[in-house]
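Chemist: If you scroll down you'll find the structure; I have some questions about it.
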Amino acid sequence: MFVIITYDVGEKRVGKVCKKLREYLDWTQNSVFEGEIQKGKLTKCLNELQKILSDEDSIYIYKVENPNHLQKDVIGQDRSFDHTFF
Amino acid sequence: MNRDIFILSNGRMKRKDNTLYFEDEKGEKRPIPVEQTNSIHFLGQVDFNTSLLHLLSQHQICFHVYNYYGYYDGTFCPRNPKVSGFTVVQQSAHVLDPEKRMYLAKSFVLAGIHHMLRNIRRNGSNDTAYSDTILSMLDRVESARTIPELMGAEGHCRQVYYDAFGQLLKNGMEWHSRSKQPPKDPVNALISFGNSLMYTTIISEIYKTVLDPTVSFLHEPSSRRFSLSLDIAEIFKPLIIDSLVFTLLNNRRIQEKHFESKDGAVLLNSEGRKRFLAAFDEKMKTTIKHRKLNRQVSYRYLIRLEAYKLIKHFIGDEVYKPFKAWW
Numbered sequence: 001m002f003v004i005i006t007y008d009v010g011e012k013r014v015g016k017v018c019k020k021l022r023e024y025l026d027w028t029q030n031s032v033f034e035g036e037i038q039k040g041k042l043t044k045c046l047n048e049l050q051k052i053l054s055d056e057d058s059i060y061i062y063k064v065e066n067p068n069h070l071q072k073d074v075i076g077q078d079r080s081f082d083h084t085f086f
Numbered sequence: 001m002n003r004d005i006f007i008l009s010n011g012r013m014k015r016k017d018n019t020l021y022f023e024d025e026k027g028e029k030r031p032i033p034v035e036q037t038n039s040i041h042f043l044g045q046v047d048f049n050t051s052l053l054h055l056l057s058q059h060q061i062c063f064h065v066y067n068y069y070g071y072y073d074g075t076f077c078p079r080n081p082k083v084s085g086f087t088v089v090q091q092s093a094h095v096l097d098p099e100k101r102m103y104l105a106k107s108f109v110l111a112g113i114h115h116m117l118r119n120i121r122r123n124g125s126n127d128t129a130y131s132d133t134i135l136s137m138l139d140r141v142e143s144a145r146t147i148p149e150l151m152g153a154e155g156h157c158r159q160v161y162y163d164a165f166g167q168l169l170k171n172g173m174e175w176h177s178r179s180k181q182p183p184k185d186p187v188n189a190l191i192s193f194g195n196s197l198m199y200t201t202i203i204s205e206i207y208k209t210v211l212d213p214t215v216s217f218l219h220e221p222s223s224r225r226f227s228l229s230l231d232i233a234e235i236f237k238p239l240i241i242d243s244l245v246f247t248l249l250n251n252r253r254i255q256e257k258h259f260e261s262k263d264g265a266v267l268l269n270s271e272g273r274k275r276f277l278a279a280f281d282e283k284m285k286t287t288i289k290h291r292k293l294n295r296q297v298s299y300r301y302l303i304r305l306e307a308y309k310l311i312k313h314f315i316g317d318e319v320y321k322p323f324k325a326w327w
């Protein structure tokens, strides 16, 4: 499954959330992560995020069950990642 | 879904913020999501420290090291939590009993030959001479009573198979015979590099099961090497690596310019390696519908299933039938 996760959290927790998400997904923009992930892994990730979050924070998760249904257009600078070769 | 990471450039691999970062020679850092990583292949010169190893062991990530020429050097596998003395004892019992050992050794060989024939059939012309010759030699494999006898029969089949390469390769790639250490021409270089990758992939998969990678059947279980992965590679080398070599060469995705010659050895250059690795990675991720499991499984997972079947065989659950591609 392909997910896009965006977050809006208090300044103190931005770094923590970002670091946590970096373990699971690819960073695309400020406060936006995306990537392929298994259901179980996503649940694990969200549980861990829950521990960081405070009441006024929010995280949005957009799921695309079939990655073939995803069309992604980019305007301006595209930070495309090579996931396999470094 | 987890991916393999190939590090081709020189630099430093490190742990930061509980995830992986690769820092190249220019100091540019790139994060790698640790949860999405299956194993890491180091083909360049890479520095790391023990804190990286701690992270890798927490996530059960193996890393494989290759030398300057792309030959397999070794593997770091985290402490394996999957051990089962019972299975290992049963596995060893199958080596000690000549009859049981022959059954498994033959299974590996026959599955390998099945895939060789498949390659000839799929890539060859209408000429059936080669496959007929191999088919006529199958009796010798079936009736072999000792391991050396079996190895000999298998060697003869393989010889004919390699003779057929001349016909299977289009675009005038040079081919005489199989040569290794060092490979003498581009095709051999591809096969050698591919086989190294195959061994490491199988080691990674065996490590996820309770099998002991050093106790093997076709190859003599000696010390100092993971010979079980050589056994299983018999099945998958022709299926995965050889067919990949044909595809890449016949479609001109890899050409003469992707090789370099050094002291009589022909090796892939960095662009060639990258192309081969990309194709290999792609291949391992392709899925087929498994007839028994009734779901899509990737080539990589097929290897693990092979290990699971062996375990079942050892503990007397189900007789081992080697994997033979049916499509």
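Going line by line, the protein sequences match chains A and B. Under this note's numbering, think of the first position of the first sequence as 1, with each following residue one higher. Under this note's numbering, think of the first position of the second sequence as 1, with each following residue one higher. Idealized CB from N, CA, C, for every residue including glycine.
With DSSP as the reference, please indicate the residues paired to A:K63 in a beta bridge.
Modeler: Indexing the first sequence from 1 puts residue 63 of chain A at position 63. A:V3, per the DSSP bridge assignment.
Chemist: Out of B:H115, B:T128 and B:Q60, point me to the one whose CA is closest to B:P78's CA.
Modeler: Against the second sequence, residue 78 of chain B aligns to sequence position 78. That would be B:Q60, whose Cα lies nearest to the Cα of B:P78.
Chemist: Tell me whether A:E34 is buried or exposed, calling it buried when 16 or more other Cβ atoms sit within 10 Å of its Cβ.
Modeler: Taking the first residue of the first sequence as position 1, residue 34 of chain A is located at position 34. Its Cβ being crowded by 16 or more others within 10 Å, A:E34 is buried.
Chemist: Can you give the Cα-Cα distance for B:L277 and B:T247, rounded to whole angstroms?
Modeler: As a working mapping, residue 277 of chain B is identified with position 277 in the second sequence. As a working mapping, residue 247 of chain B is identified with position 247 in the second sequence. The alpha-carbon atoms of B:L277 and B:T247 are separated by roughly 13 Å.
Chemist: Please decide whether B:N18 counts as near chain A, where near means a Cβ-Cβ distance under 7 Å.
Modeler: By one-based count along the second sequence, residue 18 of chain B stands at place 18. With 7 Å as the cut-off, B:N18 counts as an interface residue toward chain A.
Chemist: Within 10 angstroms of its Cβ, does B:T286 collect 16 or more other Cβ (buried), or is it exposed?
Modeler: Position 286 of the second sequence, counting from 1, holds the residue named residue 286 of chain B. By the 10 Å Cβ count, B:T286 comes out exposed.
Chemist: Over the uninterrupted beta strand (DSSP E) stretch that includes B:I40, give me the two end residues.
Modeler: Position 40 of the second sequence, counted from the first residue, corresponds to residue 40 of chain B. First-last of the beta strand (DSSP E) with B:I40: T37 to F42.
Chemist: With a floor of 4 residues, list each alpha helix (DSSP H) that falls wholly inside the region 59 to 100 of chain B, ordered by position along the chain.
Modeler: 85 to 96
Chemist: In chain A, which residues lie less than 9 Å from B:V34 when you measure between Cβ atoms?
Modeler: By 1-based counting over the second sequence, the position of residue 34 of chain B is 34. Per Cβ cutoff of 9 Å: R22, E23 and Y24.
Chemist: Would you kindly report the start and end of the unbroken alpha helix (DSSP H) that includes B:Y21?
Modeler: For the purposes of this step, residue 21 of chain B is identified with residue 21 of the second sequence, where counting begins at 1. Careful: B:Y21 lies outside any alpha helix (DSSP H), inside the beta strand (DSSP E) at T19 to D24.
Chemist: Under 8 Å: do the region 298 to 316 of chain B and the region 192 to 210 of chain B share three or more Cβ pairs, one atom per stretch?
Modeler: A contact exists between the region 298 to 316 of chain B and the region 192 to 210 of chain B.
Chemist: Have a look at B:H64, B:A111 and B:V109 and flag the residue whose alpha-carbon is nearest the alpha-carbon of B:L53.
Modeler: Looking up residue 53 of chain B in the second sequence gives position 53. Among B:H64, B:A111 and B:V109, the Cα nearest to that of B:L53 belongs to B:H64.
Chemist: Along the region 275 to 298 of chain B, where does the CB come closer than 8 Å to a CB of chain A? Name the residues.
Modeler: Contacts with chain A (Cβ-Cβ distance below 8 Å) from the region 275 to 298 of chain B involve L277, A278 and D281, listed in chain order.
Chemist: Would you call A:E23 buried or exposed, if buried means 16 or more other Cβ atoms sit within 10 Å of its Cβ?
Modeler: Indexing the first sequence from 1 puts residue 23 of chain A at position 23. Burial call: buried.
Chemist: Within 10 angstroms of the Cβ of B:N67, are there 16 or more other Cβ atoms? Answer buried if so, exposed if not.
Modeler: Indexing the second sequence from 1 puts residue 67 of chain B at position 67. Under this definition B:N67 is an exposed residue.
Chemist: Would you kindly check if the distance between the Cβ of B:I7 and the Cβ of B:L20 is under 7 Å?
Modeler: For this step, residue 20 of chain B is matched to residue 20 along the second sequence. For this step, residue 7 of chain B is matched to residue 7 along the second sequence. No, they are not a contact pair.
Chemist: If the cut is a Cβ gap below 7 Å, which residues of chain B does A:H83 touch?
Modeler: As a working mapping, residue 83 of chain A is identified with position 83 in the first sequence. R3, listed in chain order.
Chemist: Please report the straight-line C-alpha distance between A:K20 and B:D231, rounded to a whole angstrom.
Modeler: Sequence index remark: in the first sequence, residue 20 of chain A carries index 20 (1-based). Sequence index remark: in the second sequence, residue 231 of chain B carries index 231 (1-based). Going from the Cα of A:K20 to the Cα of B:D231 covers about 41 Å.
Chemist: What number of angstroms, rounded off, separates the C-alpha of B:P238 from the C-alpha of B:G112?
Modeler: The residue given as residue 238 of chain B occupies position 238 in the second sequence. The residue given as residue 112 of chain B occupies position 112 in the second sequence. Spanning the two alpha carbons is a distance of roughly 7 Å.
Chemist: Kindly indicate the opening and closing residues of the alpha helix (DSSP H) around B:I5.
Modeler: As a first step, residue 5 of chain B is located in the second sequence; it is residue number 5 there, counting from the start. From DSSP, B:I5 is part of no alpha helix (DSSP H) but of the beta strand (DSSP E) over R3 to I7.
Chemist: Roughly how many whole angstroms lie between the Cα atoms of B:I134 and B:L117?
Modeler: Sequence index remark: in the second sequence, residue 134 of chain B carries index 134 (1-based). Sequence index remark: in the second sequence, residue 117 of chain B carries index 117 (1-based). Here the C-alpha atom of B:I134 lies approximately 8 Å from the C-alpha atom of B:L117.
Chemist: So who's on the other strand from B:S131, going by DSSP bridges?
Modeler: As a working note, residue 131 of chain B is residue 131 in the second sequence. B:S131 is not bridged to any residue.
Chemist: Could you please tell me which residues of the region 52 to 73 of chain A, in chain order, have their CB closer than 7 Å to any CB of chain B?
Modeler: Hits within the stretch: zero.
Chemist: Less than 7 Å separating the beta-carbons of A:E36 and A:F2?
Modeler: Along the first sequence, one-based indexing puts residue 36 of chain A at 36. Along the first sequence, one-based indexing puts residue 2 of chain A at 2. The answer is yes: Cβ separation under 7 Å.
Chemist: Kindly indicate if chain B contains any beta-carbon less than 7 Å away from that of A:K90.
Modeler: One cannot answer for residue 90 of chain A here, as it falls past the ends of chain A, which runs 1 to 86.
Chemist: Is the CB of A:K41 under 7 Å away from at least one CB in chain B?
Modeler: Along the first sequence, read from residue 1 onward, the residue named residue 41 of chain A stands at position 41. With 7 Å as the cut-off, A:K41 counts as an interface residue toward chain B.
Chemist: Please list the partners that B:I7 has in chain A, where partner means a Cβ-to-Cβ separation under 9 Å.
Modeler: Along the second sequence, read from residue 1 onward, the residue named residue 7 of chain B stands at position 7. The answer, in chain order, is F85 and F86.
Chemist: From the beta carbon of A:K12, is the nearest beta carbon of chain B less than 7 Å away?
Modeler: The residue labelled residue 12 of chain A in the question sits at position 12 within the first sequence. It does not: the Cβ of A:K12 has no partner Cβ on chain B nearer than 7 Å.
Chemist: Report the option in B:L56, B:I5 and B:R15 whose CA atom is closest to the CA atom of B:G44.
Modeler: Mapped onto the second sequence, residue 44 of chain B falls at position 44. Residue B:I5 is the option with its Cα nearest to B:G44.
Chemist: Helix, strand or coil for A:T43, going by three-state DSSP, please let me know.
Modeler: Residue mapping note: residue 43 of chain A aligns to position 43 of the first sequence, counting from 1. A:T43 sits in a helix when the DSSP states are folded into three classes.
Chemist: Please report the distance separating the alpha-carbon of A:Q77 from that of A:Q29.
Modeler: Counting from 1 along the first sequence, the entry for residue 77 of chain A is found at position 77. Counting from 1 along the first sequence, the entry for residue 29 of chain A is found at position 29. Rounded to whole angstroms, A:Q77 to A:Q29 spans 11 Å at the Cα level.
Chemist: B:V266 and B:P186: beta carbons closer than 7 Å?
Modeler: Here the question's residue 266 of chain B lines up with position 266 in the second sequence. Here the question's residue 186 of chain B lines up with position 186 in the second sequence. Yes; because the gap between Cβ atoms is below 7 Å, this pair is in contact.
Chemist: Thinking C-beta only, is B:I147 closer than 7 Å to B:N195?
Modeler: Position 195 of the second sequence, counting from 1, holds the residue named residue 195 of chain B. Position 147 of the second sequence, counting from 1, holds the residue named residue 147 of chain B. Going by C-beta atoms, B:N195 is not nearer than 7 Å to B:I147.
Chemist: Near B:V160, which residues of its chain fall below 8 Å by C-beta distance, leaving aside the five closest residues on each side in sequence?
Modeler: Numbered from 1 along the second sequence, position 160 holds the residue referred to as residue 160 of chain B. Take B:V160, set aside five residues on each side of it, and the residues of its chain with a beta-carbon closer than 8 Å to its own are Y130, T133, I134 and M137, in chain order.
Chemist: Figure out for me which residue from B:K324, B:N269, B:L228 and B:A325 has the closest Cα to the Cα of B:A307.
Modeler: Taking the first residue of the second sequence as 1, we reach residue 307 of chain B at position 307. When each option's Cα is compared against that of B:A307, the closest is B:L228.
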